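Chemist: Below you will find the structure I want to go over with you.
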Amino acid sequence: MDASCLHVAMFPFFAMGHISPYLHLSNKLAKRGHKISFFIPKRTQSKLEQFNRYPHLISFFPINVPHVEGLPHGAETTSDVSFYLAALIMTAMDRTERDIQLLLFDLKPQIVSSTSHIGYQT
Numbered sequence: 383m384d385a386s387c388l389h390v391a392m393f394p395f396f397a398m399g400h401i402s403p404y405l406h407l408s409n410k411l412a413k414r415g416h417k418i419s420f421f422i423p424k425r426t427q428s429k430l431e432q433f434n435r436y437p438h439l440i441s442f443f444p445i446n447v448p449h450v451e452g453l454p455h456g457a458e459t460t461s462d463v464s465f466y467l468a469a470l471i472m473t474a475m476d477r478t479e480r481d482i483q484l485l486l487f488d489l490k491p492q493i494v495s496s497t498s499h500i501g502y503q504t
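Here it is as structure tokens:
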């Protein structure tokens, strides 16, 4: 990778209203030659692959969304639940901490961008 190119890790909140703009931004960055590591719920990845314009620069890293009591089994994003259960998606995201830490440690991106209150990114 060229020294002027960056490696950016994208970790949007698990809501399509956050994920879609993050993928749009990822495409813009990749167009300029930057490498993107995009952390996405496992089953949500298939919904977005067709919008990845630079698959040689944008890599999806599927995240297993842990089950949280009260959250329907298989729910990954706020689109999968009612408005009243969206807080449980946040709780599930918080429980991905170890997986995200390991990915960040292995990938060593220069920039981490998140639309969430993830305190363990630093």
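Residue numbers for the sequence shown, in the numbering used here: 383 to 504. Idealized CB from N, CA, C, for every residue including glycine. Computed from a predicted structure; not experimentally measured.
Could you name the residues that DSSP lists as bridge partners for alanine 391?
Modeler: BP columns for alanine 391 point to Ser419, Val494.
Chemist: Which residues share a DSSP beta bridge with isoleucine 445?
Modeler: DSSP lists Pro423 as partners of isoleucine 445.
Chemist: Can you give the beta carbon distance from isoleucine 440 to proline 423, rounded, assuming they're within the 8 Å contact cut?
Modeler: Not really, about 16 Å apart at Cβ, beyond 8 Å.
Chemist: Around the Cβ of lysine 417, are there at least 16 other Cβ atoms within 10 angstroms (buried) or fewer (exposed)?
Modeler: Result: buried.
Chemist: Considering only the alpha carbon of each residue, which of Asp488, His389, Thr473, Ser461 lies closest to arginine 414?
Modeler: The shortest Cα separation from arginine 414 among Asp488, His389, Thr473, Ser461 belongs to His389.
Chemist: Going along the chain, which residues of its own chain have a beta-carbon closer than 7 Å to the beta-carbon of proline 491, five neighbours each way excluded?
Modeler: Around proline 491: His389, Val390, Ala391, Ser419.
Chemist: Among residues of its own chain, excluding the 5 on either side of glutamine 427, which ones have a beta-carbon nearer than 8 Å to its beta-carbon?
Modeler: Closer than 8 Å at the Cβ level, and outside the excluded window around glutamine 427, lie Phe442, Pro444.
Chemist: When DSSP labels each residue in this structure, what does glutamine 503 get in the three-state scheme?
Modeler: Residue placement at glutamine 503 cannot be trusted, given a pLDDT of 46 that sits under 50; what the coordinates show is reported in the next sentence. It is helical.
Chemist: Using a threshold of 8 Å, state whether the C-beta atoms of isoleucine 471 and threonine 478 are closer than that.
Modeler: Contact: no.
Chemist: Provide the residue span of the alpha helix (DSSP H) that contains glutamine 432, from first to last.
Modeler: Run containing glutamine 432: none; DSSP gives neither H nor E here.
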